[in-house]
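Written out below as structure tokens is the structure these notes cover.
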Amino acid sequence: MNISERIRSAVTPVVQECEPNEYTGSSLEYAVFTFTELPVLHADGKPGAIRYLIQIGYYLPHGVNPHAKLKSLQNSIFEAGFTYPSVTNASDDEGQHYALSFEGTDGDI
Amino acid sequence: MAALEITGITELNEMFSKATDVPDDVKKEILIAMGTVGMQSIRDEGRAMDVYDPDWDGVHVLDSISLSKPKLSDFDGKIYVTFKGSRKRGNSKTRNAAIAFINEYGRNASKNRKGIPMKPFVRIAVEKCTDAAIKAGEKVWHDWLDKL
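Residue numbers (the working numbering), protein chains in the order written: chain A, 1 to 109; chain B, 110 to 257.
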């Protein structure tokens with residue numbers, strides 16, 4: 001699986017709508033994700049692995065209790081082999097928004 | 110009978126003591142060197158990721174990045190890289206730190222506003238510049254050691 005597939009397979013059991021970079025659907029509850037690749041563990045001028053810095057934006061309306069889903073998301077991401085996500089509350093007057101930040105690696109270059 | 114004599118141990122110990130007794134102004138210089146690398150990295154990463162304020166054509170938010178004064182305590186030192194100031198448009202005022210926050214984490218579109226895709230430029234800049242920041246701090250320390 002590539003990194004986008006790994007992220008989606010961790011997220012969609014908890015939040016069904018999950019798209020890379022930008023969400024263009026009509027659901028009020030959804031996740032978007034972005035990632036950055038950093039080549040690491042260099043030897044003979046080549047990387048031995050890729051380190052991924054991943055961020056998921058989880059959006060839902062005001063008035064909905066987010067805690068159970070946030071916990072499920074964090075556990076699902078962790079069980080998929082990523083680090084346990086930290087959560088930043090980026091909500092505003094338009095709705096709830098939580099940013100989950102975590103990392104992954106891939107030794108298959 | 111052969112004899113082994115060692116000289117200079119006292120002087121060597123004194124030198125090691127001096128090397129660990131870094132003066133406060135050198136510690137501050139180390140922090141400034143490291144913070145300057147961090148500041149430039151955040152600016153570069155922000156430009157690469159096209160960080161911007163969609164409602165503003167004035168001074169770019171990335172030009173508001175600045176370094177605090179270094180602060181020392183008994184056990185460590187800190188220096189902050191921040192987004193200073195704000196921009197005013199009509200009656201509304203928005204802090205540059207808020208604009209940077211929104212770019213870092215993104216926001217969704219609605220009928221009242223444009224969406225902004227998340228661009229975690231600060232997180233990525235910090236990850237990328239860690240080694241260079243440490244090297245910059247080490248250079249200041251080594252330059253001071255060479256003068257001892």
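Note that the Cβ used here is the ideal one computed from N, Cα and C, for glycine as well.
Output the distance between the C-alpha atoms of Lys228 of chain B and Trp253 of chain B, rounded to the nearest integer angstrom. 39 angstroms
Which term fits Ser150 of chain B, buried or exposed, when burial requires 16 or more other beta carbons within 10 angstroms of its beta carbon? buried
Span separating the alpha-carbon of Ile188 of chain B from that of Met110 of chain B: 60 angstroms
Can you name the start and end residues of the beta strand (DSSP E) that Asp106 of chain A belongs to? 96-106
Terminal residues of the continuous beta strand (DSSP E) containing Glu37 of chain A? 30-43
Quick one: which unbroken beta strand (DSSP E) runs of 3-plus residues sit fully inside the segment 157-207 of chain B? Chain order, please. 174-176, 190-192, 195-198, 201-204
Where the segment 217-237 of chain B meets chain A: residues whose CB sits under 8 angstroms from a CB there: Asn217, Ser219, Asn221, Arg222, Gly224, Pro226, Met227, Lys228, Pro229, Arg232, Ile233, Glu236, Lys237
Closest residue to Gly55 of chain A among A:Ser26, A:Asp106, A:Ile77, A:Ala68 (Cα-Cα distance): The residue asked about is misnamed: residue 55 of chain A is Gln in this sequence, not Gly. The option with the nearest alpha carbon to Gln55 of chain A is A:Ile77.
Best match in A:Thr36, A:Ala49, A:Thr105 for proximity to Ala157 of chain B [C-alpha to C-alpha]: A:Thr36
Under 8 angstroms between C-beta atoms, does Gly144 of chain B make it to chain A? no
Express the C-alpha separation of Leu257 of chain B and Ser195 of chain B in angstroms, rounding to a whole number. 45 angstroms
Establish whether the CB of His62 of chain A and some CB of chain B are separated by less than 8 angstroms. no
In chain order, what residues of the segment 32-63 of chain A put their CB closer than 8 angstroms to some CB of chain B? Val32, Thr34, Thr36, Leu38, Leu53, Gln55, Gly57, Tyr59
For a cutoff of 8 angstroms on Cβ pairs, would you count Tyr189 of chain B as touching chain A? no
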